[in-house]
Structure formats: structure tokens, C-alpha cells
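Undergrad: The sequence shown begins at 587 in the working numbering and counts up by one.
Quick one: structure below, then a few questions.
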Amino acid sequence: MYIDFFSMHIDYKNRIYGLDVIRATAILLVLISHSTLLLFPNESSVLLTVIKFFGAIGVDLFFVLSGYLIGGIILKQLSEGKTKLKHFIHFWIRRWFRTLPNYALVLLLNVFVFYALHKVVIEELETYFISH
Numbered sequence: 587m588y589i590d591f592f593s594m595h596i597d598y599k600n601r602i603y604g605l606d607v608i609r610a611t612a613i614l615l616v617l618i619s620h621s622t623l624l625l626f627p628n629e630s631s632v633l634l635t636v637i638k639f640f641g642a643i644g645v646d647l648f649f650v651l652s653g654y655l656i657g658g659i660i661l662k663q664l665s666e667g668k669t670k671l672k673h674f675i676h677f678w679i680r681r682w683f684r685t686l687p688n689y690a691l692v693l694l695l696n697v698f699v700f701y702a703l704h705k706v707v708i709e710e711l712e713t714y715f716i717s718h
């Protein structure tokens, strides 16, 4: 079985641009929410609470989008008769290669920034890389 993990073909004719708008909205909600922690770390107000709440809505939007997109992929595989174990494994490997490199990059950047700001290595750092 040949798996090409690195080719990313985007079919612009069948693209649902509304999903891009929802994704952009979710990103903005989370970024604005997180920026309140940086800009106003010791302040508390109704407005800041509302902004942080909208960050949670942004995360919810990401979960809904993921479920919709991954569910569509699974339904397509089922309709094509791709129900063998090798198809299931291929599906999960593709998911992992899309998410794990991003997770590792963001994690390393956060560790570096934390160390640069506090000159302290995070305790039990390996638990973020290896699940027990």
C-alpha cells in the first residue's frame, strides 16, 4: 500500500467557502480571547469575561467543524466500500500526520517562550510529548 502523506491537493471547485468563514471566525474568537490574558492579566470585568466566553465558543466551532469534515471523510470511505482495517489505519495515519507535527511545533514554541520569559524548564515536560 502506497501512502503519499505530503501531497496536498485542494479541489477549489468543490470547496465550501462558508466553512472557511466559520474557521476564520473560530480562529479570531480564540485569538481575541487569549489576547485578553496577555493584555489584561490582572484585570477582571464583564467585558473581559464575555470576550473569554467567546473564545470557548471558538473552540466549540473547531470541534463542530472537525466532526463535520472527518465525518464526511468517513462517510465517503464507507460509500466507496473502504471498510477494511488497512483503510482505517490509513485514515488515522493521515489524521496524525496532519495534527501531530503542528502540535509538536506549537508545544516546542511554547516551551521556548516559557523558558525565555521565566528561565525555568517546565516540570514533567516529557508528559506533553508522551502519553502515559
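Note that the Cβ used here is the ideal one computed from N, Cα and C, for glycine as well.
1) Just confirm the distance between the C-beta atoms of Gly653 and Val616, as a whole number of angstroms; I'd bet it's less than 8 Å.
2) If I'm right that Ile643 touches Ile618 with Cβ under 8 Å, what's the distance once you round it to whole angstroms?
3) Which ranges does the beta strand (DSSP E) cover as unbroken runs of at least 3 residues, wholly within the segment 601-631, from first to last along the chain?
4) Buried or exposed, going by whether 16 or more other CB atoms sit within 10 Å of the CB of Tyr603?
5) From Leu671 to Arg680, what distance separates their C-alpha atoms?
6) The alpha helix (DSSP H) with Tyr701 in it runs from where to where?
7) Decide if the segment 627-636 is in contact with the segment 657-664; the criterion is three or more beta carbon pairs, one per stretch, under 8 Å apart.
TA: So, from the listed chains and residues:
1) What you label residue 653 is simply residue 67 of the sequence shown in a count that begins at 1. What you label residue 616 is simply residue 30 of the sequence shown in a count that begins at 1. Not really, about 17 Å apart at Cβ, beyond 8 Å.
2) Looking up residue 643 in the sequence shown gives position 57. Looking up residue 618 in the sequence shown gives position 32. Contact doesn't hold; Cβ gap of about 11 Å is too wide.
3) none
4) The residue given as residue 603 occupies position 17 in the sequence shown. With fewer than 16 Cβ atoms within 10 Å of its Cβ, Tyr603 is classed as exposed.
5) Counting from 1 along the sequence shown, the entry for residue 671 is found at position 85. Counting from 1 along the sequence shown, the entry for residue 680 is found at position 94. Roughly 14 Å separates the two Cα atoms.
6) Position 115 of the sequence shown, counting from 1, holds the residue named residue 701. Per DSSP, Tyr701 belongs to the alpha helix (DSSP H) from 671-704.
7) no
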